[in-house]
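S.K.: This note's numbering applies: residue 1 is where the sequence shown begins, and numbers increase by one.
Every residue gets a Cβ at the ideal spot worked out from N, C-alpha and C, and that includes glycine.
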Amino acid sequence: MLLHAPLKDSERNKILLAVTEICTNYIRHSQTKPTQIQLNMSWSKTLFQLNIDDNGSPIPDDFEISSLDDLLAAEPNTSGYGMAILKSEFDLCDYQRFADQQKNSWQLSLFIADTSQRYKIAIIDDDALQLNMLNMYLEEHQTFLFDSPISAYDWLKHNHVDIIVSDVYMPEMDGLAFRERLRDISHLNTTPFIFLTADNQEALESNIFRSDIDDFILKPVQKTKILNVIERVIQRSHNLLLQAYTLLDSEVKQQLRKPIDAAHKNDRYRMASFSRSAHIGGGDCWHIETNQDKNNVHAILCDVMGHDIKACFNASRLHGFIQAMSTLPLCHLDAPSYSLQLFNATNTWLSKSAPEIITTMQCLSIEKEQIYLTNSAGLPPFIISQNGHLASLPITGPLLGLYSDPDFSPTPVMMDVGESILLFTDGLVEVPNKPEEEQQRLKHLSEQIQYAKRHHHPLAECIETFLEEIPLNDDISVILIEKIA
1 MLLHAPLKDS
11 ERNKILLAVT
21 EICTNYIRHS
31 QTKPTQIQLN
41 MSWSKTLFQL
51 NIDDNGSPIP
61 DDFEISSLDD
71 LLAAEPNTSG
81 YGMAILKSEF
91 DLCDYQRFAD
101 QQKNSWQLSL
111 FIADTSQRYK
121 IAIIDDDALQ
131 LNMLNMYLEE
141 HQTFLFDSPI
151 SAYDWLKHNH
161 VDIIVSDVYM
171 PEMDGLAFRE
181 RLRDISHLNT
191 TPFIFLTADN
201 QEALESNIFR
211 SDIDDFILKP
221 VQKTKILNVI
231 ERVIQRSHNL
241 LLQAYTLLDS
251 EVKQQLRKPI
261 DAAHKNDRYR
271 MASFSRSAHI
281 GGGDCWHIET
291 NQDKNNVHAI
301 LCDVMGHDIK
311 ACFNASRLHG
321 FIQAMSTLPL
331 CHLDAPSYSL
341 QLFNATNTWL
351 SKSAPEIITT
361 MQCLSIEKEQ
371 IYLTNSAGLP
381 PFIISQNGHL
391 ASLPITGPLL
401 GLYSDPDFSP
411 TPVMMDVGES
421 ILLFTDGLVE
431 VPNKPEEEQQ
441 RLKHLSEQIQ
451 YAKRHHHPLA
461 ECIETFLEEI
471 PLNDDISVIL
481 IEKIA
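1. Output the residue ranges of the alpha helix (DSSP H) runs that lie fully inside the stretch 108-157 and measure 4 residues or longer, sorted by chain position.
2. Might you give, ordered along the chain, the residues of its own chain that have their beta carbon closer than 8 Å to the beta carbon of Phe178, omitting 5 neighbours on each side?
3. Going straight from the alpha carbon of Ile230 to that of Leu176, what length do you get?
4. For the ligand NAP, is there any heavy atom lying closer than 6 Å to the beta carbon of Gln440?
5. To the nearest angstrom, how far is it from the Cα of Leu110 to the Cα of Tyr95?
6. Hey, how far is the Cα of Ser250 from the Cα of Thr360?
7. For Gln362, name the three-state secondary structure that DSSP assigns.
8. Is it buried or exposed for Pro58, if we count other Cβ within 10 angstroms and need 16 for buried?
9. Taking CB distances under 7 Å as the criterion, tell me whether Ser351 reaches chain D.
10. To the nearest angstrom, how far is the alpha carbon of Leu92 from that of Leu138?
11. Can you give me the start and stop residues for the alpha helix (DSSP H) that Tyr245 sits inside?
12. Would Pro76 be called buried (16 or more neighbouring beta carbons within 10 Å of its own) or exposed?
13. By Cβ distance below 6 Å, which residues in the same chain neighbour Thr425 in space, the five residues on each side in sequence not counted?
14. Excluding the five sequence neighbours on either side, which residues of its own chain have a C-beta within less than 6 Å of the C-beta of Lys14, listed in chain order?
15. Terminal residues of the continuous alpha helix (DSSP H) containing Arg454?
16. According to DSSP, is Tyr26 part of a helix, a strand, or is it coil?
17. Please report the straight-line C-alpha distance between Lys45 and His141, rounded to a whole angstrom.
18. Check each candidate in Glu172, Ile52 and Met1 and name the one with the smallest Cα separation from Arg97.
19. Which one of Ala5, Val233, Gly56 and Leu47 has the shortest CA to CA distance from Thr24?
20. What did DSSP end up calling Thr78 once you bin it into helix, strand or coil?
21. Determine the direct distance from the alpha carbon of Ser404 to that of Gly418, and round the result to whole angstroms.
22. Using DSSP with H/G/I as helix, E/B as strand and the rest coil, what is Asp100?
23. Less than 8 Å between the CB atoms is what I'm expecting for Ala391 and Ile383, so what's the real figure, rounded?
24. Cutting at 6 Å between CB atoms, please list the residues of its own chain near Asn40, excluding the five before and the five after it.
25. Arg12 by DSSP, collapsed to three states: which one?
26. The alpha helix (DSSP H) that contains Met325, what's its start and end?
27. Are Tyr269 and Ile366 closer than 7 Å when you measure CB to CB?
28. Would you call Thr191 buried or exposed, if buried means 16 or more other Cβ atoms sit within 10 Å of its Cβ?
29. Kindly indicate which three-state DSSP category Asp463 falls into: helix, strand or coil?
30. Where Gln243 and Ile280 are concerned, what is the direct C-alpha to C-alpha distance, given to the nearest angstrom?
31. Between the alpha carbons of Tyr338 and His298, how many angstroms are there, rounded?
32. With a Cβ-Cβ cutoff of 7 Å, do Ile421 and Ile484 count as a contact?
33. Could you please give the first and the last residue of the uninterrupted beta strand (DSSP E) stretch that includes Phe274?
34. Is the CB-CB distance between Gln448 and Phe466 below 7 Å?
35. Can you check which of these residues, Ala354, Lys434 and His455, is closest to Phe321 by C-alpha distance?
36. Drop a sphere of 10 angstroms on the beta-carbon of His287, count the other beta-carbons inside from all chains shown, and report buried for 16 or more, exposed for fewer.
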């Protein structure tokens, strides 16, 4: 059971010390020898607890030990031998006597260090002594030990680690060849790699860095040295990946959330788009489709579940599918037929080809004087009256990809000149686990819009100012459609 506890080897040794000291000294020095000793262990993410109960004689009431020296000088027949050691080694150490049960009870506790920053480290070395020493040095991390680069390669093909530490000179395959072979494993392409070597020849150093490794450590390896190098190399790798992700994220989002420009404006409606990103990645995207004479406009807004790079990748897949649909005769259909066929086609694609993508989708279709709204699991859009009052359009439908034959019937929407519709993703209004703040945000948005309407300020500027003022909990995407004639 102790082996399953989230403890370092040194902490497990403390537990063994406690069991040994308490049990041995009760048996040796108790006036009444215990006939039963019971051990209980329990742990959480932050605390390990050990209880040792026995039915021997109690510790005298006046027994108190202030130091280990005092303990060693005490009479050998006193109970509680080892208390000084236990008090110094454990975060909590308590003794209780339950007279009614004729039981002694020790409670000892260790605070468990936060393991959220533990790294997964693969170590490869044919020297068993060196391998065990490295394992001891790196006990605060999760280590995977291999005495053969071939067995390490076979394991790494199916597993992820944060860093690989390998010896250079090994009989089956040297470290340089092992590093080259790892290039075949795509998920390790960005995994940092460190060499260990006792050879500091210049030629070897040159070969090592030509092998595209991150660092090397000369033997004999010192604990502080390898810990510092591993931390530095992993952090450097993370920073480089973050920079790459940031650049990629910016480029991708420019394609997924292209600003709506004059090309999408017609004589009756004015459109604008807004976007703010809370994280790298995220699943918001939109697509605007217009015909040549701009009489037909389709605004499609999606929110793919997730806040990371994977969500952004899935949003790109969905966005590509929607764009591909626009090249088909679908775009020449009238408004209700367009959205109906788009939603049905997307539903089929998600259920058959991309079931891992979970997304909302809203489509506002404008055809001359007719407006249709189709909504799959998105928050109901707002309609903004001429005097700036907000009201939800209670139009929604089932989540895409869940059913083989869902009902995505478009709903007609009536708009007068001076009214607007706001399509948005949930980041605009939702504040996780804080309903009062959520209500305050909605109230603030409503007040800002009413103020803009009263003073004839552009509504687009009002929305943009509001987005700049609110804290970001999630990505925010907004499409504003104003009826101007």
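M.R.: Let me lay it out:
1. 128-137 and 149-156
2. Ile124, Pro149, Ala152, Tyr153, Ser166 and Met170
3. 19 Å
4. Among the components modelled here there is no ligand, and therefore nothing to report on the ligand NAP.
5. 15 Å
6. 22 Å
7. strand
8. buried
9. Going by chain labels, chain D is absent from the structure shown, which holds only one protein chain.
10. 26 Å
11. Lys223 to Leu256
12. Because Pro76 sits at a pLDDT of 43, beneath the cut-off of 50, its placement in the model cannot be relied upon, and the point is left open.
13. Asp284, Asp303 and Ser477
14. Glu89
15. Pro435 to Arg454
16. helix
17. 15 Å
18. Ile52
19. Gly56
20. Residue confidence for Thr78 is low, a pLDDT of 43 falling below 50, so the modelled location carries little weight; the figure read from the coordinates is stated next. In this structure, Thr78 counts as coil in the three-state DSSP scheme.
21. 40 Å
22. helix
23. 5 Å
24. Asn51
25. helix
26. Ile309 to Ser326
27. yes
28. buried
29. Note that residue 463 is Ile in the sequence shown here, rather than Asp. Looking at Ile463 - three-state DSSP - the assignment turns out to be helix.
30. 10 Å
31. 9 Å
32. no
33. Tyr269 to Arg276
34. yes
35. Ala354
36. buried
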